[in-house]
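These notes concern the structure reproduced below.
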Amino acid sequence: MIDYQPVTEESENEMYAKAHAHSKIGLEAVGLNIRNSTGMHVHWNLQPAELYEHAIRNDEAVMTRDGALRVLTGQYTGRSPKDKFFVDAPMSASHIWWNNINQKTDEATFDHLHKRVLDHLKDQRHLYVVDAFAGADPTYRLPVRLITEAAYHGMFAWNMFLRPTQEELTDHEPEFTILAAPSLIA
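In terms of my numbering, the sequence shown opens at residue 17 and continues consecutively.
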């Protein structure tokens, strides 16, 4: 059995006293200016144990008797291939295999949905930011950033992407940003 010690307000304050390293590139770079938001907590590059704690405390997940994190993702548990859209832009149109799965959308529709996602994220009590790399070869790897309202999505990113060193985090400039807003009904 795992010895589970819940995070208390006192221990959380102690955790955050040890600042989590993060990039000089702030959330403003993607249009998330949250300085005026009241009660917003942005959690940068938390460790898996911290994300685990947050997922439980936020009622996103429960701990099984074996110590695993169990998440109920709702009615739609898998990916929805027919909900994949790409902006039909001149620079990328010839590189996409257009079909009933890789569907076209226009910039105006993207801009509208993008604004809705940003507005939704600005209203959340917690945001989780994970800076990472896709690809192992330093020559070709892609610096990525996940911004999400769900701690368990941060855990997924920890497992999916390569983690930068503390030094790499300081200069991390995301070239690809994932905005995850699972509670937003589009």
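For every residue, glycine included, the Cβ atom is placed at its ideal position computed from N, Cα and C.
In this text the structure is predicted, and so the values were computed from the model without any measurement.
Does DSSP put Lys120 in a helix, a strand or coil?
-> Numbered from its first residue, the sequence shown carries residue 120 at position 104. It is a strand residue.
Cβ shell of Ile194 (< 6 Å), same chain only, five flanking positions each side left out | Here residue 194 refers to the residue found at position 178 of the sequence shown. For Ile194, where only same-chain residues beyond five positions count, the Cβ hits under 6 Å are Leu162.
Measure the alpha-carbon distance for Ala65 versus Asn115 and round it to whole angstroms.
-> Here residue 65 refers to the residue found at position 49 of the sequence shown. Here residue 115 refers to the residue found at position 99 of the sequence shown. Straight-line Cα distance between these residues: approximately 41 Å.
Environment of Leu48 [buried if 16+ CB atoms lie within 10 Å] | As a first step, residue 48 must be located in the sequence shown, where it is residue number 32. Counting Cβ neighbours within 10 Å, Leu48 comes out buried, since at least 16 surround it.
Distance between Arg95 and Pro198 (C-alpha atoms, nearest Å) | Translated into the one-based positions of the sequence shown, residue 198 becomes position 182. Translated into the one-based positions of the sequence shown, residue 95 becomes position 79. Their Cα atoms are separated by approximately 12 Å.
Under a Cβ-count criterion, where at least 16 other Cβ atoms within 10 Å of its own Cβ denotes burial, should Thr164 be classed as buried or exposed?
-> Here the question's residue 164 lines up with position 148 in the sequence shown. Residue burial is scored here from C-beta neighbours: Thr164 has at least 16 other C-beta atoms within 10 angstroms and is therefore classed as buried.
Is it buried or exposed for Asn61, if we count other Cβ within 10 angstroms and need 16 for buried?
-> For the purposes of this step, residue 61 is taken as residue 45 along the sequence shown, with counting starting at 1. That one is buried.
Delimiting residues of the beta strand (DSSP E) encompassing His169 = Here residue 169 refers to the residue found at position 153 of the sequence shown. Here His169 belongs to no beta strand (DSSP E); instead the alpha helix (DSSP H) covers Ala167 to Met176.
With Leu185 and Ala37 assumed to form a contact (beta carbons below 8 Å), what rounded beta-carbon distance in angstroms separates them?
-> Taking the sequence shown and counting its residues from 1, the one referred to as residue 185 is at position 169. Taking the sequence shown and counting its residues from 1, the one referred to as residue 37 is at position 21. Contact holds; Cβ gap of about 4 Å.
Are the beta-carbon atoms belonging to Lys138 and Ile117 less than 8 Å from one another?
-> For the purposes of this step, residue 138 is taken as the residue at position 122 of the sequence shown. For the purposes of this step, residue 117 is taken as the residue at position 101 of the sequence shown. No, the Cβ-Cβ distance between Lys138 and Ile117 is not below 8 Å.
Taking the runs of the beta strand (DSSP E) that are 3 residues or longer, which of them lie wholly in the stretch 85-142?
-> 85-87, 101-103 and 119-121
Integer Cβ distance of Ala167 from His70, believed to fall under 8 Å | Position 151 of the sequence shown, counting from 1, holds the residue named residue 167. Position 54 of the sequence shown, counting from 1, holds the residue named residue 70. Going by Cβ atoms, the distance from Ala167 to His70 rounds to 4 Å, so yes, they are a contact pair.
By Cβ distance below 7 Å, which residues in the same chain neighbour Gln182 in space, the five residues on each side in sequence not counted?
-> Reading the sequence shown from its first residue, position 166 is the one you call residue 182. Excluding sequence neighbours, Gln182 sits near Ala37.
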